[in-house]
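Here the sequence shown stands for residues 0 to 309, numbered as in numbering that gives the first Met the number 0.
Yeah, the Cβ is synthetic: ideal placement off N, Cα and C, and Gly gets one too.
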Amino acid sequence: MINFRYHIVSLMAVFLALAVGIAVGVSLSPSVDEGILAQAQQDRNQVTALRSELTRRDNLDTYRSTYDQRTAQLVLAGRLTDSRVALVVLPDAPGAVVAAVSDAVAQAGGRVVAEVKVQQEVFDPTQADTVDRAVADLGMVGLTDDMTPATKVGWCLSRAIASKNAGSRDVDARTVGRTLASAGLADVRDDQDDTAQLVIVITAPTAAQPPATEVTQAHVELDVGIRDQPGNVDHIPVVVAGSNSDGLDGTDVGAIRTSSPASGELSTVDVADLPSGVVTTVLAGKEQLLGEQGHYGALGRADDALPAVR
């Protein structure tokens with residue numbers, strides 16, 4: 000990403016090149032105009048100032064990073080004690096964010112019992128028949144023909160990895176997981192033993208070219224399907240964490256907040272690409288486990304910066 004540091008370094012290079020050129024010209028032409036010499040000195044002063052600004056910003060970045068790390072340890076301690084968490088990773092979600100959320104869950108005393116990557120085919124309208132055929136043989140009670148493919152996969156994925164009750168995955172959960180994996184829809188591992196009581200869905204960052212609306216909507220349908228697990232009166236707690244500090248246009252979090260009927264049920268975080276946003280994601284998970292919900296971060300329709308720490 001082109002940031003302020005990039006511009007500073009570029010300007011430094013330009014001024015240095017100009018200063019060198021002027022110096023060479025001076026050596027070749029002793030009668031050079033004094034104005035050029037003054038310009039060379041001004042350029043050198045500008046380079047010095049830019050170097051100082053770059054150092055200042057490096058120091059600030061170091062401070063912020065150290066502060067975030069040490070504060071996170073205090074804020075997260077004990078928030079998810081003995082809680083079992085599944086990370087559902089949607090296409091193009093940043094691996095660094097997945098790793099950061101996983102580490103934060105551990106810091107909070109929780110345990111990541113599953114990390115499942117959902118494949119792009121689930122959301123591709125041209126693959127709808129293939130997805131339908133893959134889940135049809137499971138015969139899950141509650142699945143209907145009027146459900147979208149993404150909703151069906153969400154239901155199946157929830158049954159495969161999550162449960163409100165503590166315990167091991169049963170035979171049906173393992174069968175569903177194998178079906179999703181063999182169909183290439185989601186990489187549910189067969190050696191996952193424990194069910195998750197909280198699901199954190201990690202989504203893609205803000206894109207310069209937003210995905211088609213129907214694709215984003217399909218992502219939301221999967222999230223809702225995970226929450227509304229078939230055969231379970233109690234909903235599965237779900238937090239949707241978006242790496243969206245650059246904006247909400249065309250993002251899953253934006254779609255949930257602006258157009259989804261589930262906006263009052265799912266929790267969202269719009270700054271999961273920031274260290275503070277990772278902490279907020281864990282706190283939103285704690286809130287969901289307590290039966291509450293909210294939208295957090297810095298962008299449109301956020302209820303607050305973060306949930307109450309408790």
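| query | result |
| --- | --- |
| Selected residue, minimal CA-CA separation from Gln208, among Asp248, Asp186 and Leu142 | Asp248 |
| Cut-off 6 Å between Cβ atoms - residues of its own chain near Gly176, not counting five sequence neighbours on either side | Ala159 and Val187 |
| Assigned secondary structure, Ile201 (DSSP; H/G/I helix, E/B strand, else coil) | strand |
| C-alpha gap between Arg69 and Val121, whole angstroms | 39 Å |
| Touching by the beta-carbon criterion (3+ pairs, under 8 Å), the stretch 209-222 and the stretch 161-171 | no |
| Beta-carbon spacing of Leu310, Val115 below 8 Å | No answer is possible for residue 310: the residues shown for the chain start at 0 and end at 309. |
| For Glu264, the first and last residue of its enclosing alpha helix (DSSP H) | No alpha helix (DSSP H) contains Glu264, which DSSP labels as neither H nor E. |
| Pick from Glu286, Val268, Thr61 and Glu52 that is closest to Val252, judged by C-alpha positions | Val268 |
| Collapsed DSSP secondary structure at Lys163 in the structure displayed | coil |
| Beta-carbon gap between Gly108 and Leu86 smaller than 8 Å | no |
| Host alpha helix (DSSP H) of Leu221 (start-end) | Thr212 to Arg226 |
| Spatial distance of Ala195 from Val111 (CA atoms) | 8 Å |
| Check: Thr150 C-beta below 7 Å from any heavy atom of the ligand ADP | No copy of the ligand ADP appears in this structure; indeed no ligand is present at all. |
| Rounded straight-line distance, which links the Cα of Val152 to that of Val239 | 17 Å |
| Close Cβ partners of Thr257 (< 7 Å) along its chain, the five nearest in sequence each way excluded | Arg300 |
| Close beta carbons around Asp233, own chain, < 7 Å, minus the five adjacent residues each side | Lys163 |
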